[in-house]
Amino acid sequence: MNVYLIHFNEPYQHARHYLGVARNVDERLRQHRRGRSAGGARLMEVVTQAGITWRLARTWNGGRDLERQLKGWNNGCRLCPICKAERLVAQALSTISEEDAETETSLWS
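Residue numbers for the sequence shown, in our numbering: 332 to 440.
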């Protein structure tokens, strides 16, 4: 069994991620892409119907116990390497903007 994390390319209401478990992750992702809610993945069904694109962000070796443990954190962003990269880029851009503002100020002083 494998636990997998899906990152939504845009939020669906409050949700940005889906965490699931499957024996065959590739097959399960195909089911999600077709909008099938087998096994209770209603969120994936409505996200697909809403036209929101998504991608596999990460997998772990483990079964339902690990899935429950990770879901208990209630914070897919901490688990998601895509969100981490987005945060790092935003921080870098913020730093660059601050440095540009300081440079402009010193040029006009």
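Just so it is clear, CB atoms sit at the ideal spot from N, CA and C, and this is done for glycine as well.
By the three-class DSSP mapping on this structure, what secondary structure does residue i have?
i: residue 382; result: coil
i: residue 372; result: coil
i: residue 418; result: helix
i: residue 365; result: coil
State the start and end residues of the unbroken beta strand (DSSP E) segment that holds residue i.
i: residue 348; result: 346-353
i: residue 323; result: Residue 323 is absent from the structure shown; the chain starts at 332 and stops at 440.
Just confirm the distance between the C-beta atoms of residue i and residue j, as a whole number of angstroms; I'd bet it's less than 8 Å.
i: residue 401; j: residue 360; result: Contact doesn't hold; Cβ gap of about 18 Å is too wide.
i: residue 404; j: residue 397; result: Incorrect: roughly 11 Å between the Cβ atoms, too far for contact.
i: residue 372; j: residue 336; result: The pair is not a contact, with the Cβ atoms about 13 Å apart (cut-off 8 Å).
Could you check where the alpha helix (DSSP H) with residue i kicks off and where it finishes?
i: residue 403; result: 395-403
i: residue 411; result: From DSSP, residue 411 is part of no alpha helix (DSSP H); its letter is neither H nor E.
Three CB pairs or more closer than 8 Å across the region 417-424 and the region 342-349 | no
Is the number of C-beta pairs between the region 374-384 and the region 409-422 that are closer than 8 Å three or more?
-> no
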